[in-house]
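Each remark here refers to the structure printed beneath this line.
There are 2 protein chains.
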Amino acid sequence: MQGAILYGPKDVRFEDREVPRIVEAKDAVIRISAACVCGSDLWPYRGVEPITQPTPMGHEYCGIVEEVGSDVRLVKPGQFVIGSFFASDNTCQNCRAGYQSSCQHREFIGSAQAPMLRVPMADGTLVATREVPPDALIPSLLATSDVLGTGWFAADAANVKRGQTVVVIGDGAVGLLAALSAREMGAERIIAMSRHAPRQRLAREFGATDIVSARGDEGVARIMDLTRGIGADAVLECVGTQESMMQAIRSTRKGGYVSYVGVPHGVQLNGEELFFAHVHLHGGPAPVRRYLPKLIDLVLSGKINPGKVFDLTLPMNQVAEGYRAMDERRAIKALLRP
Amino acid sequence: MQGAILYGPKDVRFEDREVPRIVEAKDAVIRISAACVCGSDLWPYRGVEPITQPTPMGHEYCGIVEEVGSDVRLVKPGQFVIGSFFASDNTCQNCRAGYQSSCQHREFIGSAQAPMLRVPMADGTLVATREVPPDALIPSLLATSDVLGTGWFAADAANVKRGQTVVVIGDGAVGLLAALSAREMGAERIIAMSRHAPRQRLAREFGATDIVSARGDEGVARIMDLTRGIGADAVLECVGTQESMMQAIRSTRKGGYVSYVGVPHGVQLNGEELFFAHVHLHGGPAPVRRYLPKLIDLVLSGKINPGKVFDLTLPMNQVAEGYRAMDERRAIKALLRP
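Sequence lines, in order, name chains P and W. The numbering used here puts the first sequence at residues 1 to 338. The numbering used here puts the second sequence at residues 1 to 338.
In structure tokens:
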């Protein structure tokens, strides 16, 4: 079997890897229907996160169960399943509180850009559909695995409610789907911060009512103009830099909500500024598993079509081109078919 | 008239000041029944916040309305009133959202350690009782003006609910009343971090079920022991230092809530650590005005007795001794009578 391996900055290869097999009794092995490249894969790809050894890549996946361990009860061979980037037992106290991405026994899934994948704690991690879905739904179902689940968490963690004014910072796939999520939660006004025409179009299609291309302090000033000097009810930070985080905090009304869903890189928050900003702050690795059943239903019922973020589809052996296209912002998100 | 003036570190004097009078049509002037020294007054008193000129002090107050401006409708001379440390119009969008301490027209009340006080935006700022209350209730009513209101916000901002495990960091008057507030909100287990016997006793009287004297990483480890490795549902940070803030974040369960209600001094939060901590964070200057009607009712009905935090009562002209006693931790909180 061949799969994606990152060797260092800008150096991803499709190479021989061992075929995954059942290791623990709670494992499943699945045959990947589709995987993709994540915005967060670009941090190590760009060398911002150092890579110390050749590292298999990929943490978004859906596929058909090939084999299960002796202790798997709920998931069966032949089923179509989707899981999240953190395997979780879904029974510990953190999982029961809805924070499966902080499961006490979590394991990161890090080798999904390949035709086969081992998934630990299969019963807790995977959600099966009743039937094997039609091929046309694969992109949208794959999106629930991370990018939609993370955008949904951005809106949920920012407490988005009917009638509110919501700002989304970041026009990557997560930001775009955060706009879609805010719309599903009833936001009245959704302001997408974006300066790229194709992404602006998709943002509008997903529910954005306003587009603001300014950034940083200028972006904050524009949001203040649009909200009569008050700030937005909720600001969804989908980038992870110091600038975007401060832009989010400063664009929020007193008592409003800021969520952040991308791993912050080099972000330091000044306690005193945060104090007087008077905002609520919540974020972290999205507990996608909590949302999967609902999001899968929304896709299967045709209510949402998050798969539109995939504007590039490649055979998996061209995974390197997927990274390049996203790095150069030629593509929003690259889908990989085995 | 004489009032408290801070000249520099450890140098507070009771000196001649102009008698306050109506300046704006929305002002009231009140005759102070009691004022007090706040933990936050100790920051400039200790020189941590620099004082550039002689500065009147005091922001907690209750008293009898002496005179009102021509545009005051709700508050009348002769009424007993309580207000918060930020005057607020109580009509702007921030006020209506319940964040009166971020009122768009807020003014800090900074000269309440005196027999008379000018209060701007009297209708929005002051809450009057139906009758002039008996003298015995003055300490508890005074407490609602800041220290109880701030402790209440600590519990509310940390989303304290019935049956939860709550940690309070800080055994100053705010921390002690945060424990009382958590108990009123139905917390089942309230762990007070304190190493001072008289404060431990008061914490228990106010509802603390456990006392932990360890601090920092050791304090975190103790909380983890007490919560079977999960962390507390809510942690109320009532100190404002880097150590106490990190202790709060690290003592909270995934998906739990951290509140912080004292102005942070030199606090920097690392974005990545906060992200993986997975906590909710909310704080800022307590919107005491939001809670005043409810807290005054709780005091008048005899349900709570927050005035117990005043373990030192002085005539106002001995205000300097009040600061000294609190600075040296000989007193929890000093009440001043004119």
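Ideal Cβ positions, reconstructed from N, Cα and C, are used throughout, including at glycine.
Annotation: Cβ neighbours of Val263(P) in chain W (cutoff 9 Å, chain order): Gly271, Glu272, Phe275 and Phe276.
In the same chain as Ser244(P), and ignoring 5 residues on each side of it, the C-beta atoms closer than 6 Å to its own belong to Ile169 and Glu237, in chain order. Counting the other Cβ atoms within 10 Å of the Cβ of Glu60(W) gives 16 or more, which makes it buried. Nearest CB-CB separation between Ser84(W) and chain P: not below the 8 Å threshold.
Between Met185(W) and Ala154(W), the CB-CB gap reaches or exceeds 8 Å.
Residues of the stretch 277-309 of chain P with a C-beta less than 9 Å from any C-beta of chain W: Ala277, His278, Val279, His280, Leu281, His282, Gly283, Gly284, Pro285 and Pro287, listed in chain order. Around the Cβ of Asp225(W), a 10 Å sphere holds fewer than 16 other Cβ atoms; the residue is exposed. Closest by C-alpha distance to Val132(P), out of Phe80(P), Ala97(P) and Ser181(P), is Phe80(P).
Against chain P, the beta carbon of Asn94(W) has neighbours under 8 Å at Ile230, Arg253, Lys254 and Gly255, listed in chain order. Met245(W) has a beta carbon lying within less than 8 Å of a beta carbon in chain P. Taking C-beta separations shorter than 6 Å and ignoring five residues to either side along the sequence, the partners of Tyr257(W) in its chain run Ala158, Asn159, Ala234 and His280, following chain order. Residues Cys103, Gln104 and His105 of the same chain have their beta carbon placed closer than 7 Å to that of Cys92(P), with the five preceding and five following residues left out of the count. The beta carbons of Val75(W) and Asp16(W) sit no closer together than 8 Å. Closer than 8 Å to the CB of Gly98(W) there is at least one CB belonging to chain P. Where Glu273(P) is concerned, the enclosing alpha helix (DSSP H) starts and stops at Gly271 to Ala277. Within 9 Å of the CB of Val29(W), no CB atom of chain P is found; the nearest one sits about 29 Å away.
Taking C-beta atoms as the reference points, Ser40(W) and Gly262(W) count as a pair closer than 8 Å. Leaving aside the five residues that flank Thr129(P) on each side, the residues in its chain whose CB is nearer than 6 Å to its CB run, in chain order, Phe80. DSSP places Thr144(W) inside the alpha helix (DSSP H), whose first and last residues are Ile138 to Thr144. Within the stretch 171-200 of chain W, no residue has a Cβ lying closer than 8 Å to any Cβ of chain P. For Leu312(P), the enclosing beta strand (DSSP E) begins and ends at Leu312 to Pro315.
Counting only runs of 3 or more residues that sit fully inside the stretch 73-108 of chain P, the beta strand (DSSP E) segments are 80-82, in chain order. Apart from sequence neighbours up to five positions away, the residues of its chain that approach Ile332(P) with a beta-carbon distance below 6 Å are Ala173, Val309 and Asp311, ordered along the chain. By the beta-carbon neighbour count (other beta carbons within 10 angstroms, threshold 16), Gly231(P) is buried. Taking a beta-carbon distance threshold of 8 Å, Ser259(P) does not count as an interface residue toward chain W. Residue range Ala173 to Glu184 is occupied by the alpha helix (DSSP H) that includes Glu184(P). Between the alpha carbons of Glu328(P) and Leu6(W) lies a distance of about 59 Å. Within 7 Å of the CB of Val239(W), no CB atom of chain P is found; the nearest one sits about 11 Å away. Only residues of its own chain outside the window of five on either side were considered, and among them Ala187, Glu188, Asp233 and Ala234 have a CB closer than 7 Å to the CB of Gln164(P), listed in chain order.
In the displayed model, Met193(P) falls within a strand according to three-state DSSP.
Proximity of the stretch 288-298 of chain P to the stretch 144-152 of chain P meets the contact definition, three or more beta-carbon pairs being nearer than 8 Å. For Val267(W), the chain P residues whose Cβ falls inside 8 Å of its Cβ are Asn270, Gly271 and Glu272, in order along the chain. Taken in chain order, the members of the stretch 100-129 of chain W whose beta-carbon sits within less than 7 Å of a beta-carbon on chain P are Ser102. By the criterion of a C-beta distance shorter than 7 Å, Ser301(W) is surrounded by no residue of its chain, once the five residues flanking it on both sides are discounted. The stretch 64-72 of chain P and the stretch 16-29 of chain W do not touch, with fewer than 3 CB-CB distances between them shorter than 8 Å.
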